[in-house]
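Chemist:
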Amino acid sequence: MNGVGLIGAALLSIGVPLLRLSVSKADWLLTAAALPFAIVGALGLIDDLLLHEKIIKAILGIK
Amino acid sequence: MEEVELIINIFAKSFPVLVSLVLSFAGHTKSVIVDGFEAYPKRCPDFNKQKEIKFPCVDAGAGAHGVSHSVVTLAVSLTIAALLPANVTLRGSLLAMLVILLLVLYVYSISWKGELIHLEENLREKLLAKKHEWWARHVVFGITLVLLLGSLLVSFASTIYR
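Residue numbers (our numbering), protein chains in the order written: chain A, -18 to 44; chain B, 170 to 331.
Have a look at this one:
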């Protein structure tokens, strides 16, 4: 577990509840606002837990 | 009058992250650590030289603490939003995600190996290479700002869909 996972989990905890609420209320503006949080959060957590930080290392240019 | 109540509601629910944002902008963590060095200079080898160059040795640790602090205040904000009158769907998913976030925080706190420090330092270097000097000096502020935007969104949604 590292910083990417922590920040990813924080973003995911914002994105998922908002996404679920906005879809149930058919509020597409809220869905559009929630999607970046959910996608970036999920990527951060997956990158940390499953990919051994391959994505963040590629973004930051770390070998 | 309803609009004023809406703004107060959103402000109150996002207040912890807002405090974190102000503290990160003011460099609160670093200033407390530096105050400690100044109170007991003998505990800091090379104190006088470090004082001249404004203690860059504590930047990374202070930054990592700032990010952790921001995540904790986000968890507090989301808990407040879930506990105050809110939509049942939002409340349920907020509480479920909070359990995951707290679990990650707990695992993170017991498996501390300094990765957050490296992440923050690498982000700083990347921003410096791209000539974004202001953001390079305010990495924690940037991360906290994103978390505050998310917290404001959750507060807004929980106030609108009660």
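All residues carry an ideal CB built from backbone N, CA and C; glycine is no exception. Owing to the predicted nature of the structure, the values given are computational and were not obtained by experimental measurement.
Lys6(A) touches chain B at which residues, Cβ-Cβ below 7 Å?
Modeler: Near Lys6(A) (Cβ distances below 7 Å), the residues of chain B are Tyr330.
Chemist: Given that a residue counts as buried once 16 or more other Cβ atoms are within 10 Å of its Cβ, and exposed if not, what is Met(-18)(A)?
Modeler: In this predicted model, Met(-18)(A) has a pLDDT of only 49, less than 50, meaning its place in the structure is not dependable; the value taken from the coordinates is given anyway. It is buried - the Cβ of Met(-18)(A) has at least 16 other Cβ atoms within 10 Å.
Chemist: Short of 7 Å in beta carbon distance, which residues of its chain neighbour Leu238(B), apart from the five on each side in sequence? Order them along the chain.
Modeler: The identity of residue 238(B) in the sequence shown is His, whereas the question assumes Leu. Result list for His238(B): Ser189, in chain order.
Chemist: Along chain A, in chain order, which residues have C-beta atoms closer than 9 Å to that of Glu289(B)?
Modeler: By Cβ distance, chain A contributes Gly(-16).
Chemist: Starting from the beta carbon of Tyr209(B), find every residue of chain A whose beta carbon is closer than 9 Å, and list them in chain order.
Modeler: Within 9 Å Cβ-Cβ: nothing; Tyr209(B) doesn't reach chain A, min ~30 Å.
Chemist: If you reduce the DSSP assignment to three classes, tell me which class Ala7(A) lands in.
Modeler: In this structure, Ala7(A) counts as coil in the three-state DSSP scheme.
Chemist: List the residues of chain A that Ala326(B) touches, going by C-beta distances under 7 Å, in chain order.
Modeler: Within 7 Å Cβ-Cβ: Leu(-1), Leu2, Leu11.
Chemist: Between which two residues does the alpha helix (DSSP H) containing Asp204(B) stretch?
Modeler: Segment 197 to 208, the alpha helix (DSSP H) holding Asp204(B).
Chemist: Using 8 Å as the limit for Cβ to Cβ distance, is Leu187(B) near chain A?
Modeler: It does not: the Cβ of Leu187(B) has no partner Cβ on chain A nearer than 8 Å.
Chemist: Using a cut-off of 7 Å between C-beta atoms, extract the partners of Ala23(A) located in chain E.
Modeler: The question asks about chain E, but that chain is absent: this structure's protein chains are A and B.
Chemist: When the Cα atoms are used, what is the spatial distance from Asn256(B) to Lys220(B)?
Modeler: The straight-line gap from Cα to Cα measures roughly 52 Å.
Chemist: Can you pull the chain A neighbours of Lys182(B), defined as C-beta to C-beta under 8 Å?
Modeler: Those do not exist, as Lys182(B) stays about 13 Å from chain A at its closest Cβ, beyond 8 Å.
Chemist: At the level of alpha carbons, what is the spacing between Leu317(B) and Leu264(B)?
Modeler: If you take the alpha carbons of Leu317(B) and Leu264(B), they lie about 18 Å apart.
Chemist: Quick one: grab the DSSP three-state call for Tyr330(B).
Modeler: DSSP places Tyr330(B) in coil when its eight states are reduced to three.
Chemist: Step through the CB atoms of chain B and report whether any lies within less than 8 Å of the CB of Val(-9)(A).
Modeler: Note on residue identity: the sequence assigns Ala, not Val, to residue -9(A). True, the Cβ-Cβ gap to chain B drops below 8 Å.
Chemist: Could you compute how far the alpha carbon of Gly261(B) sits from the alpha carbon of Ile(-12)(A)?
Modeler: For Gly261(B) and Ile(-12)(A), the distance between alpha carbons rounds to 22 Å.
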